[in-house]
Amino acid sequence: MANFFNINNENTKKATLQDDVVIQQTPGLNEAAAFNVVGSIAAEENALAALIQEEADKLASLTGDALTFDNFTELTESIIRTLKTILLKNTVLEAKLTETLNYIDEEGFTITSDFVDNITAILSRIANEENALGNLIGAIGTLVDALAPVLAFEQLQAADELILAILRVITEKNLVLLSKLRRVVRFIINNSEDFPTPTQAQVDAVIAALNALINAIRVEENGLAVLIDAEAAKLNRAIELTTTAGGVDDLLDFNDIITSVLDIIVQKNMILEAKLEDIIAIITLGNGFNDEQLAGFAVSLSNLQQSIANEEFALANLIGTEALKINDVATITPGNVGNLIAANESASLLLESITLKNMILAQKNIDVINFILSL
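Just so you know, we're using my numbering here: the sequence shown kicks off at 19 and counts up by one.
Okay, here's the thing in structure tokens:
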């Protein structure tokens with residue numbers, strides 16, 4: 019297979035009859051417009067990334083006297099509304115990108131240097147959006163962790179309902195971004211032999227974009243670790259508030275909400291795993307990168323391993339808190355077999371979600387290790 023972007027190819031591609039036909043084409047308005055549409059999508063994605071980062075910064079600004087449950091609730095509900103609008107916008111942009119790349123494929127346009135810049139910008143902007151989403155998740159987790167020790171039981175439940183709502187929107191957005199990434203990857207793979215020999219600046223831009231995509235996964239994994247720790251903090255607070263037999267049912271119901279949060283986190287992890295596989299597919303396409311460049315990617319992937327470890331530590335914390343819950347139920351209602359069985363069943367459901375997440379993290383770690391060992 020030809021080198022990706024012909025990055026290290028010093029030879030001019032041999033001319034064929036088909037090449038001659040392409041060369042004889044005069045780039046027209048449709049060709050230039052199609053290439054510009056891709057560039058405009060990249061610009062819009064970058065603006066959306068900045069907007070999402072602003073939302074994360076708003077949450078991070080809730081400190082001191084401003085850090086109240088009411089303020090957290092109102093701001094998070096506002097952010098959810100904004101994210102839903104951004105999701106709609108992303109869906110439109112994804113459809114536009116797919117239609118445009120399909121059109122470029124069908125028309126057989128000659129891939130120009132400017133178009134290479136635009137397609138590279140798409141990769142970079144996807145990374146920017148994912149990075150901002152990771153920061154947003156981390157900000158939510160940090161605030162919830164700080165609020166948990168002083169929340170009433172009803173507030174704990176309300177907080178998790180908010181987290182469920184915002185994670186659902188974020189996960190849908192992740193799916194749209196993954197679809198966009200996969201369409202770009204497919205275009206690059208299918209047309210790799212037709213990319214012009216890049217300038218050094220373009221090589222650097224491609225490498226930066228791929229490293230940014232890897233780093234965005236790291237940021238999102240770290241954000242999820244913070245959020246999982248916050249779930250453990252909320253569960254611990256619920257345990258503290260459950261002091262009578264009458265509160266056991268509420269505690270177990272709350273445990274189920276935490277399991278629902280973990281289920282969505284698992285879905286998000288699956289998307290991140292698929293994204294990592296696509297990134298590695300580009301990096302390993304043909305012989306497009308030299309040993310030094312591949313070693314640089316290996317460093318970025320090694321950093322990703324630390325974020326995987328952070329999530330595993332957070333999961334261990336949650337499991338430990340789950341054990342405290344079972345002990346609390348046993349202490350409050352000694353000899354009540356029904357409550358003990360219900361506590362075990364709720365723990366089993368949570369552990370099933372945690373185990374699935376462990377499996378996804380393990381696969382991610384294997385992907386990283388296999389890449390490093392292949393060098």
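Think of the CB as a built atom: it goes at the ideal place given N, C-alpha and C, for glycine as much as any other residue.
Only a predicted model underlies this, so the values are computations on that prediction, with no experimental measurement involved.
For S320, the three-state secondary structure derived from DSSP is helix. Judged by pairs of C-beta atoms under 8 Å, the region 120-133 touches the region 49-59, as three or more such pairs exist. Excluding the 5 residues flanking it on each side, I246 has same chain C-beta neighbours closer than 8 Å at G159, L280, I283, E329, A332, L333, N335 and L336, in chain order.
Straight-line spacing of the CA atoms in L259 and F205 works out to 55 Å. By the neighbour-count criterion, in which a residue is buried when 16 or more other Cβ atoms sit within 10 angstroms of its Cβ, S318 is buried. Per DSSP, the unbroken alpha helix (DSSP H) holding V110 starts and ends at F87 to E125. Within its own chain, the residues whose Cβ lies closer than 6 Å to the Cβ of P214, once the five positions on either side in sequence are excluded, are S131, listed in chain order.
Annotated three-state conformation of L393 is coil, per DSSP. Between N108 and L141 the beta-carbon gap is near 16 Å, outside 8 Å, which marks them as no contact.
Classified as exposed, G82 has fewer than 16 neighbouring CB atoms from the shown chains inside 10 Å of its CB. Counted as a single uninterrupted DSSP element, the alpha helix (DSSP H) harbouring S278 occupies residues V266 to I301.
Per DSSP, the continuous alpha helix (DSSP H) segment holding I206 begins and ends at F171 to N209. From the listed residues I129, L80, K286 and T100, the smallest Cα separation to F53 is found for I129. The beta carbons of I104 and L80 sit about 21 Å from each other, so the pair does not count as a contact at 8 Å.
Per DSSP, reduced to three states, the secondary structure at F307 is coil, with no helix or strand assignment. Inter-segment contact for the region 171-184 and the region 257-277 is present: three or more beta-carbon pairs are separated by less than 8 Å.
The alpha-carbon separation between A223 and N120 amounts to approximately 24 Å. Looking only at L270, N357 and E295, the smallest Cα-Cα distance to L367 is reached by L270. Boundaries of the alpha helix (DSSP H) harbouring S131: S131 to L165, taken from the DSSP string. Of the residues assessed, D88 falls on the exposed side of the cut-off, its CB having fewer than 16 other CB atoms within 10 angstroms.
Counting along the chain, G57 sits inside the alpha helix (DSSP H) bounded by residues L47 to A78. Between E179 and V162, the alpha-carbon positions lie close to 12 Å from each other.
Spanning the alpha carbons of V237 and N153 requires a straight line of approximately 7 Å. The DSSP-derived three-state label of T339 is helix. Taken atom to atom, the span from the alpha-carbon of A219 to that of I225 is near 10 Å.
For G241, the uninterrupted alpha helix (DSSP H) run begins and ends at Q218 to L259, by DSSP. Here the alpha carbons of R255 and A166 stand approximately 6 Å from one another. Between I344 and A365, the C-beta spacing is below 7 Å.
The residues I378, Q381, K382 and D385, in chain order, have a CB closer than 8 Å to that of E291 in the same chain once the five nearest residues on each side in sequence are set aside.
With a cutoff of 7 Å on beta-carbon distance, A234 and N357 are scored as not near each other. Within 10 angstroms of the beta-carbon of P216 lie 16 or more other beta-carbons, which makes it buried. Residue state for F315 is assigned as helix, using DSSP reduced to three classes. Around the Cβ of S210, a 10 Å sphere holds 16 or more other Cβ atoms; the residue is buried. The C-beta separation of A139 from L231 comes to about 13 Å, leaving the pair out of contact by the 8 Å criterion.
Counting of Cβ neighbours within 10 angstroms places G306 among the buried residues, the total reaching 16 or more.
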